[in-house]
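Participant: Quick one: structure below, then a few questions.
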Amino acid sequence: QKEVEQNSGPLSVPEGAIASLNCTYSDRGSQSFFWYRQYSGKSPELIMFIYSNGDKEDGRFTAQLNKASQYVSLLIRDSQPSDSATYLCAVSGGYGQNFVFGPGTRLSVLP
Amino acid sequence: DTGVSQNPRHKITKRGQNVTFRCDPISEHNRLYWYRQTLGQGPEFLTYFQNEAQLEKSRLLSDRFSAERPKGSFSTLEIQRTEQGDSAMYLCASSLAETGTGLNIQYFGAGTRLSVL
């Protein structure tokens, strides 16, 4: 059984701070890793993906992957109240394989 | 192209009735996925198609659930003899799987919220 774990939160940070979201996965064969943002009542929206060890930056977002530790994280710099949402970590085993999602971490950015 | 489209957005039905949902993927995408999401949980994989072929079904998927993608374009998900436990958001996603990198980015529709009374 492939599992993806995340802290459910809520994670509260003040506006302008760095929010750090963590995800661990059980399948060592996993190859692609995705972060989705989901506002309440809405569908998941892709933020970033990563498939190589290390960091990947896109604007205020940085994804970090450590395959040896089976760990992926998302950092949000200069957090804004509009970043308040649930962040879903998704893991794929590779070509053609479906995603396994974590339960999501609810982030609240306080003005 | 405006993305993945799902209809209806909301469906209320009585227990025991059959329901059918439709998903229109992004036009050039060859893969189409169905997920179910309940409150406080991440999306749970149900099944996926590559073109018209259904390649994988979740072992958790009851035989009351069936999905089709007859011409490799839109897909339907049917639930027969609905139960209260079927109440959830049903999400459709599509992707263009890249054979070179293996990268498979899924884009989600707005979902169909099912309520079984």
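Just so you know, the protein sequences line up as chains A and B, in that order. For the first sequence, the numbering used here gives the first residue as 1421, with consecutive numbering after it. For the second sequence, the numbering used here gives the first residue as 23, with consecutive numbering after it. Quick reminder that beta carbons are idealized off the backbone N, C-alpha and C, glycines included.
Counting only Cβ pairs nearer than 8 Å, list the residues of chain A close to Y129 of chain B.
Facilitator: Residue 129 of chain B sits at position 107 when you count from the first residue of the second sequence. Correct list: L1466.
Participant: From which residue to which residue does the beta strand (DSSP E) around Y1445 of chain A run?
Facilitator: By 1-based counting over the first sequence, the position of residue 1445 of chain A is 25. Per DSSP, Y1445 of chain A belongs to the beta strand (DSSP E) from A1439 to Y1445.
Participant: Mind checking if G1449 of chain A is an interface residue toward chain B, Cβ cutoff 8 Å exclusive?
Facilitator: The residue you call residue 1449 of chain A lines up with position 29 of the first sequence. So, not an interface residue.
Participant: For A119 of chain B, which residues from the same chain have a beta carbon less than 7 Å from its beta carbon, with the 5 sequence-adjacent residues on both sides left out?
Facilitator: Indexing the second sequence from 1 puts residue 119 of chain B at position 97. N52, R53 and N126, listed in sequence order.
Participant: Should E100 of chain B be flagged as near chain A, meaning a C-beta pair shorter than 8 Å?
Facilitator: Stepping through the second sequence from its first residue, residue 100 of chain B is reached at position 78. Answer no: the Cβ-Cβ gap between E100 of chain B and chain A never drops below 8 Å.
Participant: Starting from I127 of chain B, trace the beta strand (DSSP E) both ways and give me its first and last residue.
Facilitator: In the second sequence, counting from the first residue as 1, residue 127 of chain B sits at position 105. Per DSSP, I127 of chain B belongs to no beta strand (DSSP E) and is neither H nor E.
Participant: If we cut at 8 Å on Cβ distances, does S1512 of chain A have a partner in chain B?
Facilitator: The residue you call residue 1512 of chain A lines up with position 92 of the first sequence. For S1512 of chain A, the answer is yes, since a Cβ of chain B falls inside 8 Å of its Cβ.
Participant: When the Cα atoms are used, what is the spatial distance from D108 of chain B to S1493 of chain A?
Facilitator: The residue labelled residue 108 of chain B in the question sits at position 86 within the second sequence. The residue labelled residue 1493 of chain A in the question sits at position 73 within the first sequence. Between D108 of chain B and S1493 of chain A, the C-alpha separation is close to 32 Å.
Participant: Output, in chain order, the set of chain B residues within a Cβ distance shorter than 7 Å of L1527 of chain A.
Facilitator: Looking up residue 1527 of chain A in the first sequence gives position 107. Near L1527 of chain A there are no residues of chain B at all, since even the closest Cβ is about 14 Å away, more than 7 Å.
Participant: Measure the Cβ-Cβ separation of G64 of chain B and F1454 of chain A and say whether it is below 8 Å.
Facilitator: If you number the second sequence from 1, residue 64 of chain B lands on position 42. If you number the first sequence from 1, residue 1454 of chain A lands on position 34. Going by C-beta atoms, G64 of chain B is not nearer than 8 Å to F1454 of chain A.
Participant: So which residues on chain B does S1446 of chain A lean against when the C-beta distance must stay under 9 Å?
Facilitator: For the purposes of this step, residue 1446 of chain A is taken as residue 26 along the first sequence, with counting starting at 1. Simply none; closest approach about 14 Å.
Participant: Note down, in chain order, every chain B residue with its Cβ under 7 Å from the Cβ of S1463 of chain A.
Facilitator: As a working note, residue 1463 of chain A is residue 43 in the first sequence. What S1463 of chain A touches in chain B: L113, F130, G131, A132 and G133.
Participant: Determine the DSSP secondary structure at P30 of chain B, reduced to helix, strand or coil.
Facilitator: The residue labelled residue 30 of chain B in the question sits at position 8 within the second sequence. Coil, per DSSP.
Participant: Based on Cα-Cα distance, which residue from B:T35, B:L99, B:P30 and B:T24 lies nearest to E105 of chain B?
Facilitator: Numbered from its first residue, the second sequence carries residue 105 of chain B at position 83. Nearest option by C-alpha distance: B:T35.
Participant: Leaving out the 5 sequence neighbours to the left and right, which residues in its chain are closer than 7 Å to G38 of chain B when beta-carbon positions are compared?
Facilitator: As a first step, residue 38 of chain B must be located in the second sequence, where it is residue number 16. Same-chain partners within the cutoff: R103 and T104.
Participant: Which residues share a DSSP beta bridge with Y70 of chain B?
Facilitator: Start at 1 with the first residue of the second sequence, and residue 70 of chain B comes out as number 48. Note: Y70 of chain B sits in a beta bridge opposite B:Y55 and B:E78.
Participant: Closer than 6 Å by C-beta to Q1484 of chain A: which residues in its own chain qualify, once you throw out the five before and the five after it? Chain order, please.
Facilitator: Sequence index remark: in the first sequence, residue 1484 of chain A carries index 64 (1-based). Hits under 6 Å: D1475 and S1493.
Participant: Would DSSP call Q1458 of chain A helix, strand or coil?
Facilitator: In the first sequence, counting from the first residue as 1, residue 1458 of chain A sits at position 38. Q1458 of chain A falls in the strand class under three-state DSSP.
Participant: For the beta strand (DSSP E) containing L1485 of chain A, name the first residue and the last one.
Facilitator: As a position in the first sequence, residue 1485 of chain A is number 65, starting the count at 1. Residues F1481 to N1486.
Participant: Assign N1486 of chain A to one of two classes, buried (16 or more other C-beta atoms within 10 Å of its C-beta) or exposed (fewer than that).
Facilitator: Against the first sequence, residue 1486 of chain A aligns to sequence position 66. Flag for N1486 of chain A reads exposed.
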